[in-house]
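Take 23 as the starting number for the sequence shown in this note's numbering and just add one per residue.
Using N, Cα and C, we set each Cβ at its ideal position, and we do this for glycine too.
Computed from a predicted structure; not experimentally measured.
Input: a single structure, listed below in structure tokens.
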Amino acid sequence: MFNKFQLGTAPATLLANNKLSSDAALVLLKMMYKINRVNMVIGTPKTICEKSGMTLHDFHRGLRALKKSDFIRKYTKKEYMLNPDVMFNGNDKQYFIVKHMWETQTSRGLRRG
């Protein structure tokens with residue numbers, strides 16, 4: 023297994039050009055270390071903050087910026103999904119499964135259909 027950071031995608035270019043706030047970059051970095059096999063971080067905002075050592079205020083400000091930039095989407099009430107085009111944890115077969123989940127089952131993907 024490997025963690026793959028995708029370069030050349032729109033979100034990665036946004037990250038490379040320093041267009042994210044420091045709160046958003048902190049939340050993204052902390053969530054990258056906490057993702058599971060389907061690119062999700064599971065927990066309420068309070069439990070995610072406790073586990074990663076962030077304040078709730080910084081988490082909400084960073085999450086708002088990341089959602090706007092399409093780095094993270096809400097999957098369910100207690101699950102946040104990281105964009106697989108930015109970073110992915112797994113093999114190529116799993117990538118396509120997670121990419122399909124991202125496009126069809128996340129909060130923005132559901133509104134499109």
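Query	Result
Cβ neighbour criterion (16 or more within 10 Å) applied to Phe118	exposed
Buried/exposed call for Thr128, threshold 16 Cβ in 10 Å	buried
Same chain, Cβ closer than 8 Å to Gly135, five either side skipped, listed in chain order	In this predicted model, Gly135 has a pLDDT of only 45, less than 50, meaning its place in the structure is not dependable; the value taken from the coordinates is given anyway. These residues qualify, in order along the chain: Thr126.
Cβ neighbour criterion (16 or more within 10 Å) applied to Arg59	exposed
As assigned by DSSP and simplified to three states, the class of Thr95	For the sequence presented, residue 95 should be read as Arg rather than Thr. In this structure, Arg95 counts as strand in the three-state DSSP scheme.
Test item: CB-CB of Leu42 and Ser91 under 8 Å	yes
Asp107 versus Val120 - alpha carbon distance	10 Å
Leu51, buried or exposed, once every other Cβ within 10 Å from all chains shown has been counted against 16	exposed
Opposing strand residues paired with Tyr102 [DSSP bridges]	Val63 and Lys96
Presumed contact (8 Å Cβ cut-off) between Val63 and Leu88, rounded CB distance	Contact flag wrong, Cβ pair sits at about 11 Å.
Straight-line Cα distance separating Gly84 from Ala47	7 Å
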